[in-house]
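Structure record follows, encoded as structure tokens.
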Amino acid sequence: MADIIRLLPDHVANQIAAGEVVQRPSSVVKELLENAIDAGATEIQLIVKDGGKTLIQIVDNGKGMSGTDARLSFERHATSKIQKAEDLFNLHTKGFRGEALASIAAIAHVEMLTRTEEDEIGTRIKMEGSKVVAQEVVVAPKGTSMLVKNLFFNIPARRNFLKSDHVEFRHITDEFHRISLAHPQVAFNFYNNGSDVFQLPANDFRKRIVQIFGRKTDEKLVPVEEETHVVKISGYIQKPEFAKKSRGEQFFFANNRFIKSPYLHHAILGAFEGLIRPGTHPGYFLNLEVDPGTIDINIHPTKTEVKFDDEHTLYAMLKSTVKHSLGQFNVTPALDFEQ
Ligand code: ADP
Ligand code: MG
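Each step along the sequence shown adds one to the number in the numbering used here, with nothing skipped, and position 108 is 136.
Okay, here's the thing in structure tokens:
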């Protein structure tokens with residue numbers, strides 16, 4: 029029988045990878061915001077239209093790219109962030125898979141404008157469905173602007189699967205909250221359909237929380253602080269009396285990366301046990317700093333699920349630390365649930 033196995037062409041492989049990396053407009057926002065952060069930006073603008081379906085633009089003042097790098101950045105597995113397998117266990121950047129730009133360029137119209145500090149002149153590259161349609165040398169400010177239009181233009185099934193602009197915008201806002209909370213020292217401006225959503229000057233963590241969730245949040249916060257050889261825990265929990273029916277304000281960050289962890293969430297619930305009404309949810313904004321060698325971020329393409337080496341210790345520490353903070357701030361007296 030004749031041989032039947034063949035290697036997929038790059039643009040097909042890219043489209044397959046895009047299926048995992050880019051689920052919806054908010055995935056593009058996440059990847060591009062993370063790239064801007066990794067590039068050392070201190071100011072980032074996010075502009076979206078129609079829930080990100082027609083347009084997403086991210087402008088940063090980070091280190092920019094040379095013309096050659098700009099072109100290479102759209103190749104799959106093209107990254108400046110790691111070089112060898114061992115680097116995976118010592119990650120200090122959001123990105124490392126070298127997949128985002130290749131994936132996004134496979135399923136959208138992308139225009140990149142970039143310039144490094146050293147270069148006098150910048151580069152503009154236009155991509156459509158993994159193909160370079162234009163590359164030119166242009167005047168450009170230092171940093172990078174990424175314009176992503178017509179997401180899923182070549183995958184109608186995916187495009188049709190998108191929810192209303194309103195819902196997609198909410199996903200984008202969620203992603204924006206996570207990244208801007210993880211990086212309070214970075215200034216962000218966020219515009220939707222031409223109007224302001226958030227103007228966030230650089231700040232500390234507490235003020236960033238208040239910038240995002242409103243002035244009334246400030247009085248609800250109780251600081252949390254603990255450091256051992258395994259982990260440094262810092263951040264804030266909300267006082268139990270502010271527990272809400274909805275789960276909105278619950279954030280874990282591991283080494284400045286938003287993560288989802290039902291297991292660690294359970295530890296927090298344990299600490300709040302008896303202090304909140306059943307069916308209500310406590311708010312928290314907690315940073316876990318661990319040795320990058322003790323956390324595996326590479327278990328899912330979107331990197332929100334991670335694996336800690338010593339989850340049990342982390343669980344116990346988190347629970348006791350939160351309990352301790354609640355105690356210190358005199359919020360232990362049990363509520364009278366019968367009232
Ligand atoms: P990764 O972030 O995993 O490295 P990406 O596909 O997101 O992969 O980006 C590829 C490369 O392009 C990055 O490693 C980086 O060198 C470069 N790059 C992407 N976005 C920017 C940006 N906003 N500023 C500077 N360089 C960037
Ligand atoms: Mg990236």
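Glycine is no exception: its CB is placed at the ideal position from the N, C-alpha and C atoms. Keep in mind that this is a model prediction, so the values were computed, not measured.
Between the region 167-177 and the region 140-159, the count of Cβ pairs shorter than 8 Å is three or higher; the stretches touch. Residue pairing for K288: DSSP places it in no beta bridge. In this structure, the alpha-carbon of A45 lies about 9 Å from that of A128.
The Cβ atoms of E156 and R52 do not sit closer than 8 Å to each other. A straight-line Cα-Cα distance of about 30 Å links F336 and K248. The continuous beta strand (DSSP E) containing R143 extends over residues 137-143. V195 is not bridged by DSSP to any residue.
Cβ neighbours of F180 within its own chain (closer than 6 Å, five residues either side excluded): I135, R186, R187.
Remark: the shortest separation between the CB of M93 and any heavy atom of the ligand ADP falls under 7 Å. In terms of CA proximity to V350, E253 leads the group E253, D78, A133, D232. Three or more pairs of CB atoms, one per stretch, sit closer than 8 Å, so the region 58-72 contacts the region 190-207. A contact between stretches requires three or more CB pairs, one per stretch, nearer than 8 Å, and the region 320-329 meets this requirement with the region 281-289.
Residue burial annotation: A130 is buried, with at least 16 other C-beta atoms found within 10 angstroms of its C-beta. Only residues of its own chain outside the window of five on either side were considered, and among them Q85, Y219 have a CB closer than 6 Å to the CB of I75, listed in chain order.
Within 7 Å of the C-beta of K170 there is not a single heavy atom belonging to the ligand ADP. When distances are taken from the beta-carbon of N220 to the heavy atoms of the ligand MG, even the shortest one reaches 7 Å or more. The ligand MG has no heavy atom closer than 7 Å to the beta-carbon of N42.
If you check the CB distance, K109 and E145 do not come in under 8 Å.
Taking C-beta atoms under 8 Å as the contact rule, Q43 and R99 fail to qualify, at a distance of about 20 Å. Taking C-beta atoms under 8 Å as the contact rule, S353 and I265 qualify, at a distance of about 6 Å.
For the ligand ADP, no non-hydrogen atom lies closer than 7 Å to the CB of T245. L83 and K191 do not touch by the CB rule: their CB atoms are close to 17 Å apart, not below 8 Å.
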